[in-house]
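For the record, in the sequence shown the residue sitting at position 127 is 126 according to numbering that gives the first Met the number 0, with numbers rising by one throughout. Quick reminder that beta carbons are idealized off the backbone N, C-alpha and C, glycines included. Model, not experiment: these values are computed from the prediction. Okay, structure first, notes after.
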Amino acid sequence: MRIIRNLFIALIVLAGAAAAVGYVFRVEIGAAVFQRVVSQVVGRNVTATLPDGLHVALCGSGSPMPDATRMGPCTAVIAGKRLFVVDVGSGAARNFGPMGLPTGAVEAVLLTHFHSDHIDGLGEMMMLRWAGGGNAAPLPVYGPSGVEAVIAGFNAAYVADDGYRVAHHGADINPPSGAGGEARPFSIDPAVQSVVVFENDGLKVTAFTVDHAPIEPAVGYRFDYKGRSVVISGDTKPSENLVRVATGADLLVHEALNREMVETIGAALAQSGNKRAAKIFNDILNYHTSPVEAAQIAKRAGVKALVLTHIVPAVPVAYLNALFLKGTGAAFDGPITMGEDGMIFSLPANSAEINNGRLK
Ligand SMILES: [Zn+2]
Ligand SMILES: [Zn+2]
Numbered sequence: 000m001r002i003i004r005n006l007f008i009a010l011i012v013l014a015g016a017a018a019a020v021g022y023v024f025r026v027e028i029g030a031a032v033f034q035r036v037v038s039q040v041v042g043r044n045v046t047a048t049l050p051d052g053l054h055v056a057l058c059g060s061g062s063p064m065p066d067a068t069r070m071g072p073c074t075a076v077i078a079g080k081r082l083f084v085v086d087v088g089s090g091a092a093r094n095f096g097p098m099g100l101p102t103g104a105v106e107a108v109l110l111t112h113f114h115s116d117h118i119d120g121l122g123e124m125m126m127l128r129w130a131g132g133g134n135a136a137p138l139p140v141y142g143p144s145g146v147e148a149v150i151a152g153f154n155a156a157y158v159a160d161d162g163y164r165v166a167h168h169g170a171d172i173n174p175p176s177g178a179g180g181e182a183r184p185f186s187i188d189p190a191v192q193s194v195v196v197f198e199n200d201g202l203k204v205t206a207f208t209v210d211h212a213p214i215e216p217a218v219g220y221r222f223d224y225k226g227r228s229v230v231i232s233g234d235t236k237p238s239e240n241l242v243r244v245a246t247g248a249d250l251l252v253h254e255a256l257n258r259e260m261v262e263t264i265g266a267a268l269a270q271s272g273n274k275r276a277a278k279i280f281n282d283i284l285n286y287h288t289s290p291v292e293a294a295q296i297a298k299r300a301g302v303k304a305l306v307l308t309h310i311v312p313a314v315p316v317a318y319l320n321a322l323f324l325k326g327t328g329a330a331f332d333g334p335i336t337m338g339e340d341g342m343i344f345s346l347p348a349n350s351a352e353i354n355n356g357r358l359k
C-alpha cells in the first residue's frame, strides 16, 4: 500500500512540475505548436490527393438556427479534380481552409433556393475565391430563375471592398475582372421537373424540382461522374420527384428536421410567452423532411447510403444523435450518417465503394 501511495504522490508531483514548465515556457511552446500547425494547414489541398471519383464533403451541416458546431448549409462536391459547392450558408466558407478545400479553386456554386440560410455565406465565398485564387472571372453561381437578383445584390454590396482590395494588393493579385459572382440562371419545364444544368468532361449536373412550398423555386441537384452518383436534396418536404431522380444513385444527402424536437422547443417558447418565435417553430414543421421520412425515401430510391444534413434543430452534442435519428434504422437498411462539418464521403470512380472520412 505504501509503495502505491508513494507512486501516486510522485505522479502528482510530476504532473505539477510538467504544468509549471508548460506555464513558464508557454510562449516558446506556443510558438513551436503554432509553427507546426501552420505548416500543416497552410497550402493544404485535398482535391490534389483524392483518388479519381466523386467526393462529397460537408462544409456546413447546419440550418438557420445558430449552432456552434455546424455552419450554414453547404455541400462541396469534388468530381475528379473539379470543386463545386452547393449552397453557401453562414460561416461555411470558413470551413474550407481547415478542411483543405481551396476556395480559390471553386469552379462554381449551385444554389438550391434563396432562403437566407443557403446564401448568406456567398459574399465571403466570392471574396475568398477571388483573393485566394487570383481568378480573372467572377464566380459562376448557378440557380433557378431569381439568382440574377441575388448575385446583383451581393455584387453591389461588395463594390467598395472590391476597390479596396485592388488598390491595396494590386491588380495582379486581385484582378478587378474577377470580383464577385456571375449569375447562371436556369429554368425547369414543369412537365419534365428536371434539367441538365451542364455536362462536360464526364460530369453531368442535373437540377430537379423539390417541394419546399410555399418557397418557389426550390431545387435539388444530382451529380453523375464516372459511374458514380450523388443526390443533394436542398430543402424539401418528402418529394416524389426527388425519389424519381435519386433512384439508383449511390449516395443521398438529404435535409432533416426532427419534428418532435422542434415541437419541444416551440412548446417551451410558447410557455415562456415568446409567441412570435413559437409560431416560426410551428411554421417550419410543414416544409421539411423528418429523419425517418428521409430514410424511407432512401429505401424507395434504392440508394446505397444516406447522409442527413441541414440538421434542425441544432444538435450540438453527439449524445443526442440517437434521439434525432430515432426510428431511421427500421426504415432503411443502408448506412445512415448524421452529418457533421468536415465529413467526407468518397466514391471512387467505377466502383461500388463509399468511404467515410473526415477533413477536419
Ligand atoms: Zn434551409
Ligand atoms: Zn429553405
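Distance cut-off 6 angstroms: His309 Cβ against heavy atoms of ligand 2: No, since every heavy atom of ligand 2 falls outside the 6 angstroms radius drawn around the Cβ of His309.
Contact between the region 283–298 and the region 235–243 (3+ Cβ pairs under 8 angstroms): Taking a cut-off of 8 angstroms on C-beta distances, the region 283–298 touches the region 235–243, as three or more cross pairs fall below it.
Residue range of the beta strand (DSSP E) that includes Ser345: From DSSP, the beta strand (DSSP E) with Ser345 extends over 342–347.
Nearest to Arg69 (by Cα), restricted to the options Ser60, Thr308, Phe83: Nearest option by C-alpha distance: Ser60.
Residue environment, Gly152, which counts as buried when at least 16 other CB atoms sit within 10 Å: With fewer than 16 other Cβ atoms within 10 Å, it is exposed.
Identity of the residue in Thr48, Thr208, Arg275 nearest Ile191 by Cα: Strictly speaking, residue 191 in this sequence is Val, with Ile absent from that position. In this structure, Thr208 is the residue among Thr48, Thr208, Arg275 with its C-alpha nearest to the C-alpha of Val191.
Tyr157 in three-state terms, based on DSSP: Tyr157 sits in coil when the DSSP states are folded into three classes, being neither helix nor strand.
Gly272 versus Val261 - alpha carbon distance: Between Gly272 and Val261, the C-alpha separation is close to 17 angstroms.
Distance cut-off 6 angstroms: His287 Cβ against heavy atoms of ligand 1: At a threshold of 6 angstroms, His287 does not count as near ligand 1, since its beta carbon sits no closer than that to any of the ligand's heavy atoms.
Exposure of Ser62, with buried meaning 16 or more beta-carbon neighbours within 10 Å: Sixteen is the threshold: when 16 or more other Cβ atoms of the shown chains lie within 10 Å of the Cβ of Ser62, as they do, the residue is buried.
Cα-Cα separation, Glu254 to Leu138: Taking the straight line from one Cα to the other gives about 26 angstroms.
Pick from Gly180, Asp119, Val26, Val218 that is closest to Pro143, judged by C-alpha positions: Checked all of Gly180, Asp119, Val26, Val218; the closest Cα to Pro143 is Val218.
Span of the alpha helix (DSSP H) around Met260: Note, Met260: alpha helix (DSSP H), 258–270.
For Val311, the first and last residue of its enclosing beta strand (DSSP E): For Val311, the uninterrupted beta strand (DSSP E) run begins and ends at 304–311, by DSSP.
His114 beta carbon near ligand 2 (any heavy atom closer than 6 angstroms): Yes - ligand 2 has a heavy atom lying nearer than 6 angstroms to the Cβ of His114.
Asp210 beta carbon near ligand 2 (any heavy atom closer than 6 angstroms): Checking every heavy atom of ligand 2 against the Cβ of Asp210, none is found closer than 6 angstroms.
Cβ pair Gly265, Ala248 closer than 7 angstroms: Annotated as distal: Gly265 and Ala248, with beta-carbon spacing of 7 angstroms or more.
Three-state secondary structure (DSSP) of Arg25: DSSP places Arg25 in helix when its eight states are reduced to three.
Secondary structure of Pro290, DSSP reduced to three states: Helix, per DSSP.
Whole-angstrom C-beta distance between Ser89 and Asp51, which should lie under 8 angstroms: Their Cβ separation, rounded to whole angstroms, is 33 angstroms, which puts Asp51 and Ser89 out of contact at 8 angstroms.
Span of the beta strand (DSSP E), counted from its first residue to its last, around Ile231: In this chain, the beta strand (DSSP E) harbouring Ile231 covers 227–231.
Three-pair Cβ contact test at 8 angstroms for the region 317–326 versus the region 36–50: Taking one beta carbon from each stretch, the region 317–326 and the region 36–50 have fewer than 3 pairs nearer than 8 angstroms; the two do not touch.
Near ligand 4: Asp332 beta-carbon under 6 angstroms from a heavy atom: Absent from the structure shown: ligand 4. Ligands present: ligand 1 and ligand 2.
Residues near Asn354 in its chain [Cβ-Cβ closer than 6 angstroms; skip 5 each side]: Cβ within range, chain order: Ser345.
7 angstroms Cβ cutoff met for Gly179 and Asn199: No, these two residues do not count as a Cβ contact at 7 angstroms.
Assigned exposure category for Asn101 - 16 Cβ within 10 Å defines buried: The amino acid at residue 101 is misidentified as Asn; the sequence shows Pro. The residue is buried, with at least 16 neighbouring Cβ atoms inside 10 Å.
Val242 and Ala300 closer than 7 angstroms at C-beta: It is a contact, given that the beta carbons lie within the stated cut-off.
Beta-ladder partner(s) of Pro139, from DSSP: Partner(s): Glu181.
Three-state class that DSSP yields for Lys274 in the structure shown: Helix at Lys274.
Residues that DSSP places opposite Lys203 in a beta bridge: Answer is Glu198, Asp223, bridged to Lys203.
Asp234 CB to nearest heavy atom of ligand 2 below 6 angstroms: Because some heavy atom of ligand 2 lies under 6 angstroms away, the Cβ of Asp234 counts as near it: yes.
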